[in-house]
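Inspection log for the structure reproduced underneath, given as structure tokens.
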Amino acid sequence: MEINPIQTEELELLLNDISTQYGYDFTEYSRASLQRRVQRLFAVDKFPSFAEFRYRLRSDGHYFSRFVEEITVNVTEMLRDPSFYRTLRTTILPILATHPFIRIWHAGCSTGEEVYSMAILLKEMGILHKSLLYGTDINPLVIDRARKGIFPMSQMQKYSENYIQAGGVKDFSTYYTANYHLAKFDSSLTGRMIFSTHNLVSDFSFNEFHLILCRNVLIYFERELQTKVFRLFDYSLENFGYLALGSKESLRFSPMAGRYRQVGKEKIWRKVSDAG
Amino acid sequence: MQDRLLVIGGSAGSLQVVISILKGMGKDYPWPVLIVLHRTNSFESSLEELLSSRSHLSIKEVEEKEPLVPGRVYVCPADYHVLLEQDHTTSLDYSERVNFSRPSIDVTFRSAADVYGQALIALLLSGGNADGSDGMAYVREKGGMILLQDPQTAEVPYMPQQVLLRMTVDVIASAGELPSLVRGLPYR
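Here it is in structure tokens:
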């Protein structure tokens, strides 16, 4: 059992280095989670000292890519929280369907499972052809994987159960082709997706959306950064558009809370008036 | 005595013990209490409602960035790890399961030990999985106090047994003794 090899002050040094050297600003990330993941990376890669870890990070851009991949959390699944997707299907998407064109942004989409989930719902409602789904993440490696639309076969039973609980009535396996241990999702779904890297901390708004989903991302941010990101979303959301968050996240503490109304029990808010 | 934290971890067979501990605690308990219980997330019935209905304490589910208040009992939400920040607020984390568990007891024990050090008291109860023993060892290294339910009185003894295979603990207590032990902790 090792005592933490990286002290709080050392983590701050590391974050400053990274910000200066690579332009990635993690200084407003919640420390406890960050510390835990940096700690783990340090142990897994068997660095003999903090100094060597710091040097490697500063001098080796490839290692920095690994760092970004390892310290950001990339746990996601298809149709995560089925009741959330049921609400999308029954309450939100029928309203979006009245638009001539639908733009949806999955911010912090990781390997894309939720983007594919959304595409399936849109397809079943017959509105995928007039929708565009943007999936973005800080981490280029997960974006590459999202683009491919290939997921482990071992997950499909779970996803199929989620799909049914979310109100799906088809055979979930019609959406992918199984190839040994991999499931490749249908190109009719990927055809309406655009994946790109985007850093919620430093990048700007790039479009106006009818629906923005950002689930289990803000829990890793300190309050002030959360507020900044809410402002970015507010700016990127059309009037009467929807913002969807993770099951333990809330718009409640943000300055724009007054201009949004929660939809039912799920963590979905509707923008009811624009910033003054 | 100020700013201490009691974290209670448990898995299979621990719910009744937690209920009896909470029943024994006064409303003026001087520390916050954080409870990490393994449970399935497929049920909507909330643990804090269940615990509230069986005690007179103020029990709530942990929310993110929430300051821990003395005398309150916090329950980890299903499917999230709970971490502690230096300013004694909570953070939620949706990263990989640890010991097949989310929330994981190890994760919370370790994080709480980093923040509270000697001021932390960790109690591990009944369970059928090895979660918690790494965390107990870590709490001890950081100078915190570690308490254990006697495996002989545990419905599922595996989890506390794992701890005893690796270390000695500060106090080992039977299921029946735990409520008065916890009640008396601040006055020892």
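Those sequence lines, one after another, are chains A and B.
Numbering follows my numbering, in which position 158 of the first sequence is assigned residue number 158; successive positions increment by one, without gaps.
Numbering follows my numbering, in which position 182 of the second sequence is assigned residue number 1182; successive positions increment by one, without gaps.
Don't be surprised by glycine CBs; every beta carbon is placed ideally from N, CA and C.
Keep in mind the model is a prediction, meaning the values are calculated, not measured.
- Runs of the alpha helix (DSSP H) lying entirely within the segment 144 to 184 of chain A, each at least 4 residues long, are 156 to 165 in chain order.
- Counting along the chain, serine 196 (chain A) sits inside the beta strand (DSSP E) bounded by residues 193 to 197.
- About 22 Å separates the beta carbons of leucine 1050 (chain B) and tryptophan 1031 (chain B), which is beyond the 8 Å limit, so they are not a contact pair.
- Under the Cβ distance rule, asparagine 16 (chain A) does not count among the residues neighbouring chain B, no pair being separated by less than 9 Å.
- Using beta-carbon distances, arginine 1110 (chain B) counts as an interface residue toward chain A, with a partner under 9 Å.
- Close CB contacts of tyrosine 1158 (chain B) within its chain, under the 6 Å cut and outside five residues either way in sequence, are with Gly1128 (chain order).
- With contacts defined by Cβ atoms closer than 9 Å, leucine 1164 (chain B) and isoleucine 1121 (chain B) do not form a contacting pair.
- Distance between arginine 56 (chain A) and leucine 1084 (chain B), taken at the CA atoms: about 29 Å.
- Around the C-beta of phenylalanine 26 (chain A), 16 or more other C-beta atoms lie within 10 Å, and the residue is accordingly described as buried.
- At least 9 Å separates the CB of isoleucine 138 (chain A) from every CB of chain B.
- Distances from the CA of valine 44 (chain A) to each of A:Glu70, A:Lys130 and A:Ile104 were compared; the closest alpha carbon is that of A:Glu70.
- Against chain A, the CB of proline 1067 (chain B) has no partner CB under 9 Å away; the residue lies outside that interface.
- The C-alpha of proline 1067 (chain B) lies about 4 Å from the C-alpha of threonine 1089 (chain B).
- Excluding the 5 residues flanking it on each side, arginine 40 (chain A) has same chain C-beta neighbours closer than 8 Å at Glu70, in chain order.
- Between lysine 265 (chain A) and leucine 1092 (chain B), the C-beta spacing is not below 9 Å.
- As summarised for the segment 92 to 119 of chain A, the continuous alpha helix (DSSP H) elements at least 4 residues long and confined to that stretch are 93 to 96, given in chain order.
- Contact residues of the segment 1064 to 1089 of chain B toward chain A are Glu1064, Lys1065, Pro1077, Tyr1080, Leu1083, Leu1084, Glu1085 and Gln1086 (C-beta to C-beta distance below 7 Å).
- In this chain, the alpha helix (DSSP H) harbouring phenylalanine 50 (chain A) covers 50 to 59.
- Contacts between aspartate 1106 (chain B) and chain A, judged by CB atoms closer than 7 Å, are missing: the closest CB pair is about 11 Å apart.
- Under the 9 Å criterion on CB atoms, glutamate 249 (chain A) is classed as interfacial with respect to chain B.
- In the assembly as shown, leucine 14 (chain A) is a buried residue. Its beta-carbon has 16 or more other beta-carbons within 10 Å.
- Beyond the five residues adjoining it in sequence on each side, serine 65 (chain A) comes within less than 8 Å, by CB distance, of Pro140 and Leu141 in the same chain, given in chain order.
- Annotated three-state conformation of leucine 243 (chain A) is strand, per DSSP.
- Around the beta carbon of tyrosine 1187 (chain B), fewer than 16 other beta carbons lie within 10 angstroms, which makes this residue exposed.
- Apart from sequence neighbours up to five positions away, the residues of its chain that approach arginine 1166 (chain B) with a beta-carbon distance below 7 Å are Ser1133 and Ala1137, ordered along the chain.
- Distance from the Cα of serine 154 (chain A) is smallest, within the candidate group A:Ala183, A:Asn216 and A:Ser117, for A:Ala183.
- Interface criterion not met: the Cβ of arginine 86 (chain A) is under 9 Å from no Cβ in chain B.
- Taking a Cβ-Cβ threshold of 9 Å, the residues of chain B close to valine 73 (chain A) are Asp1093, Tyr1094, Ser1095 and Glu1096, in chain order.
- Taken through DSSP and simplified to helix, strand or coil, glycine 258 (chain A) comes out as helix.
- Taking a 10 Å sphere around the C-beta of aspartate 1087 (chain B), we find fewer than 16 other C-beta atoms and assign the residue as exposed.
- Within the segment 145 to 169 of chain A, no residue places its CB atom closer than 9 Å to a CB of chain B.
- In summary, the residues of the segment 232 to 257 of chain A whose CB is separated from some CB of chain B by less than 9 Å are Gly246, Ser247, Lys248, Glu249, Ser250 and Phe253, in the order they occur in the chain.
- Not a single C-beta of chain B is nearer than 9 Å to the C-beta of asparagine 179 (chain A).
- With respect to valine 201 (chain A), glutamate 12 (chain A) sits apart: the two C-beta atoms are not nearer than 9 Å.
- For aspartate 1114 (chain B), the closest Cβ of chain A is nearer than 9 Å.
- Here the alpha carbons of leucine 189 (chain A) and threonine 174 (chain A) stand approximately 12 Å from one another.
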